[in-house]
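Enquirer:
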Amino acid sequence: MRKNRIFAIGLLTAAVIGGAGCSAQPKSASAQEQTVESAGPAETEETTVIETVEGTIESLEETPAPVLSPVILQGPVTHTEDGRLSIDSQPESAPSENSSTGTYTGEVILNISDDTLILDAVNGYPVQPDDLEDGSTIYAYVGPAMTMSLPPITNAELILCQIPADFKVPDYVEIKSVVADAASGSAVLTTTDGVEFEISQDCQILPYLTRNIVTLSDLSGGKKCLIWSDDQNVASKIVLFASEEQ
């Protein structure tokens, strides 16, 4: 009888342990699945940082490159064997304080082309290159670029020669605007370099090498001209050059 009771208790204990073991397996599997899911790659939230900028934002593609003005070289000139001109640049003797003078001192070789204007500084008439006297002083308006060679080489756009002593040479300028005063009949011409010239009623306005009649209204932005003026920049004569479109 006692053996039967002990055997029954043993069977009951085995049943309890077996049931507990079966119920523990699903829990272990569920925990394992949760561990696998949490071990997966974590999603990261991308953040864009925007910097606040004050003022107007300008596009680099839409910003035009600045237009460089010609540089003035002044000094005695000599002819070279290859048909070019050599100038001993002396920037301390600039044509006027308003001019965009060069800072290079020493010899510079000037390329002369069919487009180069060589003019008498007094009357504005053309002069042939061979008529330039060696050692005479010239004012040369040249391009802003020079070669790195010694001496440097640059292209001459306009040359003023046959300059009398103590003579104020005319200014070769590009017009930015002209504002006329209807009441007085005078006007103010502003160059692209910001220099202002007063144009009175008795100022001569002439075309270069043509018989065309030009007036104050023909002095428009973008055109180039030669201006003879006094120390107060009051113009006495203007020679207007034909624009590239004409």
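The letter at position 195 of the sequence shown is residue 195 when you use UniProt numbering, and the numbering goes up by one with no holes. Just so you know, even glycine gets a beta-carbon here, dropped at the ideal spot from N, CA and C. As the structure is a computational prediction, the values presented were derived from the model and not from experiment.
I'd like to know whether the C-beta atoms of residue 141 and residue 172 end up nearer to each other than 8 Å.
Expert: In this structure, residue 172 lies closer than 8 Å to residue 141 by Cβ.
Enquirer: Short check: CB of residue 199 to CB of residue 145, under 8 Å?
Expert: Result no, Cβ atoms of residue 199 and residue 145 do not sit closer than 8 Å.
Enquirer: Can you give the Cα-Cα distance for residue 148 and residue 136, rounded to whole angstroms?
Expert: Each residue's Cα considered, the two are about 26 Å apart.
Enquirer: Could you say which of 168, 186 and 214 lies nearest to residue 228 if we only look at CA atoms?
Expert: That would be 168, whose Cα lies nearest to the Cα of residue 228.
Enquirer: Exposed or buried, residue 232, counting other C-beta atoms within 10 Å across all chains shown (16 or more means buried)?
Expert: The residue is exposed, with fewer than 16 neighbouring Cβ atoms inside 10 Å.
Enquirer: Helix, strand or coil: which one does DSSP assign to residue 129?
Expert: Looking at residue 129 - three-state DSSP - the assignment turns out to be helix.
Enquirer: Do residue 134 and residue 80 come within 8 Å of each other at the CB atom, strictly closer than that value?
Expert: Not in contact: residue 80 and residue 134 (Cβ atoms no closer than 8 Å).
Enquirer: I'd like to know if the stretch 216-223 and the stretch 175-187 are in contact, where contact means that at least 3 CB-CB pairs between them fall below 8 Å.
Expert: Touching, yes, given that three or more Cβ pairs across the two stretches are closer than 8 Å.
Enquirer: Nearest to residue 185 by CA position, among 159, 201 and 195, is which residue?
Expert: Of the listed residues, the one whose Cα sits closest to residue 185 is 201.
Enquirer: Is it the case that the Cβ atoms of residue 157 and residue 70 are separated by a distance below 8 Å?
Expert: Yes, they are a contact pair.
Enquirer: Could you compute how far the alpha carbon of residue 112 sits from the alpha carbon of residue 191?
Expert: Looking at the two C-alpha atoms, the distance is approximately 26 Å.
Enquirer: For residue 237, which of 207, 217 and 212 has the nearest alpha-carbon?
Expert: Closest by alpha carbon: 207.
Enquirer: So, is residue 213 buried or exposed, given that buried needs 16 or more other C-beta atoms within 10 angstroms?
Expert: Answer is exposed; the Cβ neighbour count stays below 16.
Enquirer: For residue 217, does the three-state DSSP call read helix, strand or coil?
Expert: Residue 217: helix per DSSP, three-state reduction.
Enquirer: So within the stretch 66-90, which uninterrupted beta strand (DSSP E) runs reach at least 3 residues, ignoring any that extend past its ends?
Expert: Listed in chain order, the complete beta strand (DSSP E) runs (minimum 3 residues) inside the stretch 66-90 are 71-79 and 85-89.
Enquirer: Please state whether DSSP places residue 28 in a helix, a strand or coil.
Expert: Reliability fails at residue 28, whose pLDDT of 46 lies under 50, so the model's placement of it is uncertain and the value that follows must be treated cautiously. Reduced to three states, the DSSP call for residue 28 is helix.
Enquirer: Whole angstroms is fine: what's the gap from residue 74's alpha carbon to residue 91's?
Expert: Taking the straight line from one Cα to the other gives about 6 Å.
Enquirer: Taking the beta strand (DSSP E) that residue 183 falls in, what are its first and last residues?
Expert: Counting along the chain, residue 183 falls outside any beta strand (DSSP E), and DSSP gives it neither H nor E.
Enquirer: Assign residue 139 to buried or exposed, taking buried as 16 or more other Cβ atoms, counted over all protein chains shown, within 10 Å of its Cβ.
Expert: Flag for residue 139 reads buried.
Enquirer: Can you tell me whether DSSP reads residue 123 as helix, strand or coil?
Expert: Three-state result, residue 123: coil.
Enquirer: Could you have a look at residue 106 and say whether DSSP puts it in helix, strand or coil?
Expert: If DSSP states are grouped into helix, strand and coil, residue 106 belongs with the strands.
Enquirer: Inspect the beta-carbon positions of residue 83 and residue 151 and report whether they are closer than 8 Å.
Expert: No, the Cβ-Cβ distance between residue 83 and residue 151 is not below 8 Å.
Enquirer: Taking only the alpha-carbon atoms, compute the straight-line gap between residue 87 and residue 110 and give it to the nearest angstrom.
Expert: Straight-line Cα distance between these residues: approximately 7 Å.
Enquirer: Quick check on residue 171: does DSSP put it in helix, strand or coil?
Expert: In this structure, residue 171 counts as strand in the three-state DSSP scheme.
Enquirer: Would residue 170 be called buried (16 or more neighbouring beta carbons within 10 Å of its own) or exposed?
Expert: Burial call: buried.
Enquirer: Assign residue 59 to buried or exposed, taking buried as 16 or more other Cβ atoms, counted over all protein chains shown, within 10 Å of its Cβ.
Expert: With a pLDDT of 45 at residue 59, under the threshold of 50, the modelled position of this residue cannot be trusted, and the question is left open.
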